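Participant:
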Amino acid sequence: MIIRPKTRGFISLTAHPKGCEENVREQMEYAKKHKFQNAPKNVLVIGASTGYGLASRIALAFGGGANSIGVFFERPSDRDKPASAGKYNSVAFEKFASQAGLVAENVNGDAFSSEIKERVIDLVKSKLGKIDCVVYSLASPKRTDPFSGEVFKSVLKPIGATFTGKTVNVDRDEVHEVTIEPATAEEIKATEKVMGGEDWELWMQALHSEKLLARGTKTIAYSYIGPEVTWPIYTNGTIGAAKDDLMRARAAINFLLEDIGGQAIVSINKAVVTQASAAIPVVPLYMSILFKVMKEKGCHEGCIEQMTRLFGEKLYGQSPARSLDEQGRIRMDEFELSKDVQAAVREIWPKISTENLAELSDIAGYKREFLRLFGFGLNSVNYDEDVEI
Ligand code: NAD
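Taking the numbering used here, the leading residue of the sequence shown gets 14, the next gets one more, and so forth.
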């Protein structure tokens, strides 16, 4: 069938299998040019099909030569409805990795469930033996507690006070004000249940108790801080509170892994366009301005640039340059939060309006990157051609 983009706000109803394959190929080619030594041999990536998780898997496989198991939750195709982009990305990854002689196993299902943890444990035993790196890169709107069966839904809201600020309607290229009421105590708790560190801990406990973690295993989860304009909705909001819980989980996992000399790490990554970040109010407008500034200064990065740098330089490079902050987190946001970049963003922020959006921000680049997430807008793909979904 012929597949065209069909988006509504931050949702895409279609995805292009060839475009997604090309996206994975381009990231693979980039990773191959940024090879690194001392890479882990067998990695588990939880949230492996899109965004930072996919780029982590690609960097580790094609930059470091690692075998991998990828866990994700993606929609398969159904009669005339294409699959979700993450499904096509994962099929493409498996194809390229096997061509390169690497083990690449995909598990499509709910990572929060005990059933998927058990399935992965069986796969590790049969395909990899032991793993030495676990990447935790989930972004999900909800979680069913595996013990109580209760369903928790995360919200993107401020805490303590109503927030009013600028945001962008990407369908209409319109800058407008948004007002968001503060979260209730129950919503704060629910967001922590979904996006906090509890499930990361459960994964590590399950793998550790089955003795599937090699000596010196590293496990890493991702977080974000950003600049002040996004704090009410991110760092000081419900999602930020959930991310604080990653630090509690990191300490608990470090304690758990002591006997095998393992280490849990939190990395603060740069703002990039993904399905998860596109859904956060204010952030897409901030990113459009940020990208313009960072591109002009020549320091713009996407997921694969960040992840090859994270694994190749900061975690596993020949002389790993850690640059940890005062809380012991790896900072991958050093260019985004550099003084000159943020000064330029701060100058634009109060002026930005619907009328000057195209001139003062890179909204066009933001929208292009958003469409690419679903395999659209790639020069190497003929979108008038019939494709098998
Ligand atoms: P994304 O939406 O691109 O990826 C989410 C992944 O989680 C996908 O692979 C999806 O299939 C998987 N997933 C969701 N629910 C699942 C479930 N129940 N079971 C199994 N898999 C499931 O998101 P992203 O932006 O790459 O985010 C990944 C992590 O990086 C998050 O922790 C996020 O907070 C963090 N982060 C993102 C940014 C950013 O700008 N995008 C910046 C810093 C940190």
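The beta carbon of each residue, even a glycine, is placed where N, CA and C say it ideally should be. Keep in mind the model is a prediction, meaning the values are calculated, not measured.
If we require 4 or more residues per run, which alpha helix (DSSP H) segments fall completely within the segment 172-250?
Facilitator: 198-208 and 211-222
Participant: Would you please verify whether the beta carbon of G330 is less than 7 Å from any beta carbon of chain C?
Facilitator: Protein chains in the displayed structure number just one, and chain C is not present.
Participant: Between the Cα of P159 and those of D123, N267 and V279, spot the shortest distance and give me the residue it belongs to.
Facilitator: For this step, residue 159 is matched to residue 146 along the sequence shown. Nearest of D123, N267 and V279 to P159, Cα basis: D123.
Participant: Name the one or two DSSP bridge partners that L57 has.
Facilitator: The residue you call residue 57 lines up with position 44 of the sequence shown. Paired residue(s): I82 and V147.
Participant: How big is the Cα-Cα spacing for R228 and F109?
Facilitator: By 1-based counting over the sequence shown, the position of residue 228 is 215. By 1-based counting over the sequence shown, the position of residue 109 is 96. For R228 and F109, the distance between alpha carbons rounds to 29 Å.
Participant: Does DSSP put I402 in a helix, in a strand, or in coil?
Facilitator: Looking up residue 402 in the sequence shown gives position 389. Reduced to three states, the DSSP call for I402 is coil.
Participant: For the beta strand (DSSP E) containing A377, list its first residue and its last residue.
Facilitator: If you number the sequence shown from 1, residue 377 lands on position 364. No beta strand (DSSP E) contains A377, which is instead part of the alpha helix (DSSP H) from I376 to R385.
Participant: Measure the Cβ-Cβ separation of G32 and V286 and say whether it is below 7 Å.
Facilitator: Your numbering for residue 32 matches position 19 in the sequence shown. Your numbering for residue 286 matches position 273 in the sequence shown. No; because the gap between Cβ atoms is not below 7 Å, this pair is not in contact.
Participant: Beta carbon of V147, beta carbon of L57: below 7 Å?
Facilitator: On the sequence shown, residue 147 is found 134 positions in, with the first residue counted as 1. On the sequence shown, residue 57 is found 44 positions in, with the first residue counted as 1. Contact flag set, yes.
Participant: Report whether the distance from the Cβ of G209 to the nearest heavy atom of the ligand NAD is below 6 Å.
Facilitator: Within the sequence shown, residue 209 is the residue found at index 196, counting from 1. No; taking the cut-off as 6 Å, the Cβ of G209 has no heavy atom of the ligand NAD nearer than that.
Participant: Starting from the C-beta of A96, find all residues in its chain whose C-beta is less than 8 Å away, skip the five residues before and the five after it, and write them out in chain order.
Facilitator: As a working note, residue 96 is residue 83 in the sequence shown. Result list for A96: A28, P30, E87, R88, P89, S90 and I402, in chain order.
Participant: What residue range does the alpha helix (DSSP H) around E34 cover?
Facilitator: Locating residue 34 in the sequence shown gives position 21, where the first residue counts as 1. P30 to K45 is the extent of the alpha helix (DSSP H) around E34.
Participant: Note the first and the last residue of the continuous beta strand (DSSP E) segment covering N102.
Facilitator: The count along the sequence shown starts at 1 and reaches residue 102 at position 89. Note, N102: premise wrong, no beta strand (DSSP E); alpha helix (DSSP H) at A98 to Q112.
Participant: The ligand NAD: which residues have Cβ under 6 Å from any of its heavy atoms, chain order?
Facilitator: In chain order, the hits are G60, A61, S62, T63, G64, Y65, G66, V84, F85, F86, E87, G99, D123, A124, F125, S150, L151, A152, S153, Y235, S236, Y237, N282, A284, V285, T287, Q288, A289 and S290.
Participant: Among E223, Y299, E372 and A52, which has the Cα closest to the Cα of V354?
Facilitator: The count along the sequence shown starts at 1 and reaches residue 354 at position 341. The option with the nearest alpha carbon to V354 is Y299.
Participant: Express the C-alpha separation of Y65 and C316 in angstroms, rounding to a whole number.
Facilitator: Taking the sequence shown and counting its residues from 1, the one referred to as residue 316 is at position 303. Taking the sequence shown and counting its residues from 1, the one referred to as residue 65 is at position 52. Looking at the two C-alpha atoms, the distance is approximately 6 Å.
Participant: Out of Q50, L151 and R38, which has the shortest C-alpha to C-alpha gap to R322?
Facilitator: Looking up residue 322 in the sequence shown gives position 309. For the residues Q50, L151 and R38, the minimum Cα distance to R322 belongs to Q50.
Participant: Look at the Cβ atom of A44, then the Cβ atom of G78, and state whether they are nearer than 7 Å.
Facilitator: In the sequence shown, counting from the first residue as 1, residue 44 sits at position 31. In the sequence shown, counting from the first residue as 1, residue 78 sits at position 65. Contact flag unset, no.
Participant: For A105, which option in N36, I293, F324 and I376 has the closest C-alpha, if you only look at C-alpha atoms?
Facilitator: Against the sequence shown, residue 105 aligns to sequence position 92. Considering only alpha carbons, the answer is N36.
Participant: Check the DSSP bridge columns for A117 and list the partner residues they point to.
Facilitator: In the sequence shown, the residue the question calls residue 117 occupies position 104. A117 pairs with S81.
Participant: Look up S393 in the DSSP assignment and say whether it is helix, strand or coil.
Facilitator: Taking the sequence shown and counting its residues from 1, one reaches residue 393 at position 380. Of the three classes helix, strand and coil, the one that applies to S393 here is coil, per DSSP.
Participant: Under the three-state reduction of DSSP, which class applies to Q319: helix, strand or coil?
Facilitator: Counted from its first residue, the sequence shown places residue 319 at position 306. DSSP, reduced to helix, strand and coil, places Q319 within a helical segment of the structure shown.
Participant: Assign E131 to one of two classes, buried (16 or more other C-beta atoms within 10 Å of its C-beta) or exposed (fewer than that).
Facilitator: As a position in the sequence shown, residue 131 is number 118, starting the count at 1. By the 10 Å Cβ count, E131 comes out exposed.
Participant: Whole angstroms is fine: what's the gap from F304's alpha carbon to N282's?
Facilitator: Walking along the sequence shown from the start, residue 304 turns up at place 291. Walking along the sequence shown from the start, residue 282 turns up at place 269. Their Cα atoms are separated by approximately 15 Å.
Participant: Tell me which same chain residues have a C-beta within less than 6 Å of the C-beta of G60, skipping the five on either side of it?
Facilitator: Reading the sequence shown from its first residue, position 47 is the one you call residue 60. G66, S150 and L151, listed in sequence order.
Participant: Does the beta-carbon of V207 have 16 or more other beta-carbons within 10 angstroms, so that it is buried, or is it exposed?
Facilitator: Against the sequence shown, residue 207 aligns to sequence position 194. The residue in question, V207, is buried, as its Cβ has 16 or more Cβ neighbours within 10 Å.
Participant: Between L226, G250, E223 and D93, which has its C-alpha nearest K202's C-alpha?
Facilitator: Within the sequence shown, residue 202 is the residue found at index 189, counting from 1. Out of L226, G250, E223 and D93, G250 has the C-alpha closest to the C-alpha of K202.
Participant: Using a Cβ-Cβ cutoff of less than 6 Å, which residues in the same chain neighbour M41 once the five nearest sequence positions on both sides are dropped?
Facilitator: One-based indexing of the sequence shown puts residue 41 at position 28. Within the same chain, M41 has close Cβ partners I71, F75 and F109.
Participant: Where does D91 sit, in a helix, a strand or coil, going by DSSP?
Facilitator: Residue 91 sits at position 78 when you count from the first residue of the sequence shown. D91: strand per DSSP, three-state reduction.
Participant: If you run the structure through DSSP and keep just helix, strand and coil, what is K166?
Facilitator: Along the sequence shown, read from residue 1 onward, the residue named residue 166 stands at position 153. In this structure, K166 counts as strand in the three-state DSSP scheme.
Participant: Where do the N-terminal and C-terminal ends of the alpha helix (DSSP H) with V356 fall, by residue?
Facilitator: The count along the sequence shown starts at 1 and reaches residue 356 at position 343. Correcting the residue type first, residue 356 is Ala in the shown sequence and not Val. Start and end: K352 to I361.
Participant: The beta strand (DSSP E) spanning I281 covers which residue range?
Facilitator: The count along the sequence shown starts at 1 and reaches residue 281 at position 268. Note, I281: beta strand (DSSP E), Q276 to I281.
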